[in-house]
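Each remark here refers to the structure printed beneath this line.
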Amino acid sequence: MPNDLATRQWDDLDFLGWRDPAAPQRGYLLAEFDGRLVGVVLRAATHQTGRVRRSMCSLCLTTHLSDGVSLMTAPKAGPSGRQGDSVGTYMCSDLACSLYVRGKKHAGPPMPEPLPLPERIDRVRATLTAFIRKVNG
Numbered sequence: 246m247p248n249d250l251a252t253r254q255w256d257d258l259d260f261l262g263w264r265d266p267a268a269p270q271r272g273y274l275l276a277e278f279d280g281r282l283v284g285v286v287l288r289a290a291t292h293q294t295g296r297v298r299r300s301m302c303s304l305c306l307t308t309h310l311s312d313g314v315s316l317m318t319a320p321k322a323g324p325s326g327r328q329g330d331s332v333g334t335y336m337c338s339d340l341a342c343s344l345y346v347r348g349k350k351h352a353g354p355p356m357p358e359p360l361p362l363p364e365r366i367d368r369v370r371a372t373l374t375a376f377i378r379k380v381n382g
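Here the sequence shown is numbered in my numbering, starting from 246 and rising by one per residue.
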């Protein structure tokens, strides 16, 4: 578990996500799904060095420079996961999507967002739910 649980901005979180300091390619995500708390173990793809590029998180649609977005994969639940099947999506590397969508954290100059904040929050939650549904297969 992360060391900063006491200082987290809980009212601003749609899920709890953190990277493992002992294993930087590993991340964890805890979220409510179908009325219960579920955990997902994530693995970040290794970054390729090269030119600076922009990339966008699939959950919060925040655009980051360089390595601010990672392809995160999770093993599928059940027999298919035990056989090595996984699902993936592009996420903010620091798993702080909830804070980016609320403007509590910034990845650079903000891009115009046509949706009001409650609809952006709903979009993050819906996209996260769809990802967890794929993991649960």
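Backbone N, C-alpha and C fix where the C-beta goes; we use that ideal spot for every residue, glycine too. None of these values were measured; they are calculated from a predicted model.
{"Item": "Residue 365 versus residue 307: straight-line alpha-carbon distance, rounded", "Value": "11 Å"}
{"Item": "Rounded straight-line distance, which links the Cα of residue 300 to that of residue 373", "Value": "18 Å"}
{"Item": "For residue 351, the residue or residues it bridges with in DSSP", "Value": "Residue 351 pairs with nothing; no bridge assigned."}
{"Item": "Close beta carbons around residue 313, own chain, < 6 Å, minus the five adjacent residues each side", "Value": "338 and 352"}
{"Item": "Alpha helix (DSSP H) segment containing residue 288, residue limits", "Value": "That residue, residue 288, is in no alpha helix (DSSP H); its beta strand (DSSP E) goes 281–289."}
{"Item": "Beta-carbon contacts of residue 331 that lie in its chain and below 7 Å, excluding the five residues immediately before and after", "Value": "318, 319, 320 and 321"}
{"Item": "Beta-carbon gap between residue 263 and residue 340 smaller than 8 Å", "Value": "yes"}
{"Item": "For residue 263, the residue or residues it bridges with in DSSP", "Value": "273"}
{"Item": "Beta-bridge pairing of residue 316 - partner residues as DSSP gives them", "Value": "335"}
{"Item": "Residue 287 vs residue 272 beta-carbon contact at 8 Å", "Value": "yes"}
{"Item": "Sequence-distant residues of the same chain with beta carbon closer than 7 Å to residue 358, five excluded per side", "Value": "365"}
{"Item": "Beta-carbon proximity check, residue 285 vs residue 380, cutoff 8 Å", "Value": "yes"}
{"Item": "Residue from 349, 334, 280 and 378 whose Cα sits closest to the Cα of residue 254", "Value": "349"}
{"Item": "Three-state class that DSSP yields for residue 344 in the structure shown", "Value": "helix"}
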